[in-house]
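These notes concern the structure reproduced below.
There are 2 protein chains.
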Amino acid sequence: MDARLDETTLTVSEAADRVGLTAYTLRWYEQEGLVAPVGRDSAGRRRYTGNDVDWLMLLTRLRRTGMPVRDMRRYSELARQGDQTLGARRELFEAHRDRVLARMAELEQDLAVLNFKIEVYGQLERAG
Amino acid sequence: MDARLDETTLTVSEAADRVGLTAYTLRWYEQEGLVAPVGRDSAGRRRYTGNDVDWLMLLTRLRRTGMPVRDMRRYSELARQGDQTLGARRELFEAHRDRVLARMAELEQDLAVLNFKIEVYGQLERAG
DNA sequence: CCTTGACTTCGAGCGCACTCGAACTGGGAA
DNA sequence: TTCCCAGTTCGAGTGCGCTCGAAGTCAAGG
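Top line first, the protein sequences correspond to chains A and B. Be aware that the first sequence starts at 1, since it is given in this note's numbering, and climbs by one per residue. Be aware that the second sequence starts at 129, since it is given in this note's numbering, and climbs by one per residue.
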């Protein structure tokens, strides 16, 4: 590949490396409608733009925070419909944020128990 | 069932309600070695003691924090081997705690992006 | 006595999110 | 010009964590 042909786009595996997913997953995301159809070169190969990569990075954040693929698809569809869905997208994110906050609170509780157990094990080890 | 027969133990579905899992899952956890074989009544039905329930509650915390079933099994095996595995159990928990902390840090990053997006959507809505 | 309903075991099935193999294509380097 | 490599599509397979249906048992209530 001659990078000078187009320095601003990435192949599927370059994009995969960039966002920390596999090429398989990127193709699958596209197939599942999480990503709008990616541009192709003359040979039909995907070329990821900066915008595409930014979008993928956002998707990885949503996944990491536990958003189901189904909801990411919904979000993607809304985004493709343009500005009249801004409110719906905000609401989707707000609902998701609430779930993330709830999850973080839960994690803190569980972490406290974990710390307590570690403490107890330490004491028992020193006693035994 | 006559509660007076044994007020201190629970049936599988009572225990499931208590810990927030299903009876199916409780049997499966036992089958998978996450729980030591549960005591039975004269008819072969499981009777969960307070200790059993406490153990299950700990397991649900470990699951919620993302510990794989495989690791929970390992922990369970260590616990059954008695006090000489206290150190190993502490180490297992410490490693898990580190993963939970890393995950929480990641969640906070992702939450910040989420909040930023919500903010931007709000601005765009007011502008449009 | 008979019915009801919650239990038992067993193995199969499911939903999610990838993950991969097979067969094919096309462009650049030797 | 021949080779190789990275890409393409398609459908099938995987790993995890349950989830369920079938067939049978047993104790208690009517």
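Glycine included, each C-beta is placed from N, C-alpha and C at the ideal position.
- Contact of residue 122/A with chain B by beta-carbon distance below 8 Å involves 218.
- Here residue 174/B is buried: its Cβ has 16 or more other Cβ atoms, across all protein chains shown, within 10 Å.
- The criterion of a C-beta distance shorter than 8 Å is not satisfied by residue 184/B and residue 200/B.
- Note: residue 27/A is not bridge-paired with any residue in the DSSP secondary-structure output.
- Under the three-state reduction of DSSP, residue 46/A is assigned to strand.
- Sequence-distant partners of residue 206/B (beyond 5 residues in either direction) whose C-beta falls short of 8 Å from its own C-beta, in its chain, are 213, 216, 217, 220.
- Separation of residue 244/B and residue 65/A (C-alpha to C-alpha, rounded to the nearest whole angstrom) is 15 Å.
- The Cβ neighbour count for residue 248/B, taken over all protein chains shown within 10 Å, is under 16; the residue is labelled exposed.
- A contact is defined here as three or more CB-CB pairs under 8 Å, and the region 224–242 of chain B meets this definition with respect to the region 102–111 of chain A.
- Under the criterion of beta carbons closer than 8 Å, residue 181/B and residue 147/B qualify as touching, at roughly 6 Å.
- The C-beta distance from residue 50/A to residue 22/A rounds to 20 Å, too long to fall under 8 Å, and the pair is not in contact.
- Cβ atoms of residue 208/B and residue 143/B stay farther apart than 8 Å, at about 19 Å.
- In this structure, the alpha-carbon of residue 58/A lies about 19 Å from that of residue 39/A.
- Look at residue 104/A: its C-beta is under 8 Å from a C-beta on chain B.
- In the displayed model, residue 214/B falls within a helix according to three-state DSSP.
- Shown here, residue 138/B sits in a strand according to DSSP, grouped into three states.
- The Cβ atoms of residue 118/A and residue 225/B sit closer than 8 Å to each other.
- A Cβ-Cβ contact shorter than 8 Å links residue 162/B with residue 204/B.
- When 17/A, 60/A, 69/A, 105/A are compared, the shortest CA-CA separation from residue 31/A is found for 69/A.
- The beta carbon of residue 215/B sits closer than 8 Å to some beta carbon of chain A.
- For residue 72/A, the uninterrupted alpha helix (DSSP H) segment begins and ends at 69–80.
- Contact with chain B is absent for residue 7/A, since none of that chain's Cβ atoms lies less than 8 Å from the residue's Cβ.
- Contact residues of the region 151–164 of chain B toward chain A are absent (C-beta to C-beta distance below 7 Å).
- Within chain B, the residues whose beta carbon sits less than 8 Å from that of residue 113/A are 186, 189, listed in sequence order.
- Cβ-Cβ distances below 8 Å link residue 252/B to nothing in the same chain once the five nearest sequence neighbours on each side are left out.
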